[in-house]
Amino acid sequence: LLDIIQLDEAGRVRVAELRIGDDPKALETWIGFYNDVEAELAQGGEYADLKDMASKAGDNAARLWGNFVIFCWDGGREERQDTLTNMICATQIMRWYLNATRRFRRTVALPEGVRKAKELEDWLCRQCLDRKLLYASLN
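My numbering numbers the first residue of the sequence shown as 390 and each following residue consecutively.
What follows is the structure, given as structure tokens:
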């Protein structure tokens, strides 16, 4: 860690800059994850009801990746670190958190009427999306 973590003139810890883009496959994995999550934020998507959390998932995966790179560093014994594996692990963990949050939010004790109304709304939205309808008539 001494090669990555250094002290500045004031004695504060300064960490060497890490760039996902230095490993094209890790960057491709991160972009794929980011785009998948963004696509699921649309109405009717898996994460449509998690916009507050899911919109930050890409950033959080990158932060996890940075932690993995630092804590898995072997002191420079290997010519190149396996940053792709670190990114795969980071995105898998973020996907697990998103899905766990989605499950939790769906099981939170809501009044039965509110829960049924939400289920109906979700069903109606799926029907409209499947049929490519812009609106539904009451008649």
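Glycine included, C-beta positions come from ideal geometry on N, C-alpha and C.
8 Å Cβ cutoff met for residue i and residue j
i, j, result
"F422", "G447", "yes"
"A479", "F457", "yes"
"W485", "A451", "no"
"L487", "L439", "yes"
As assigned by DSSP and simplified to three states, the class of residue i
i, result
"C461", "coil"
"Y524", "coil"
"V413", "Note that residue 413 is Pro in the sequence shown here, rather than Val. Here P413 sits in helix by DSSP."
"Y436", "coil"
"K507", "helix"
"R452", "helix"
"L390", "Note that L390 scores a pLDDT of 46, beneath 50, so its modelled location is shaky; the value from the coordinates is reported in the next line. Coil at L390, not helix or strand."
"R515", "helix"
"E427", "helix"
"E398", "coil"
"G502", "helix"
Segment limits, alpha helix (DSSP H) that includes residue i
i, result
"Q481", "472 to 496"
For residue j and residue i, believed in contact at Cβ under 8 Å, the rounded distance
i, j, result
"A443", "L430", "6 Å"
"R491", "E427", "Contact flag wrong, Cβ pair sits at about 16 Å."
"G410", "R515", "That belief does not hold up - the Cβ atoms of G410 and R515 are roughly 38 Å apart, past 8 Å."
Exercise for review: Indicate whether the contact test is met: 3 or more Cβ pairs, each with one atom in the segment 410 to 417 and one in the segment 473 to 492, closer than 8 Å.
Suggested key: With the cut-off at 8 Å, the segment 410 to 417 and the segment 473 to 492 touch.
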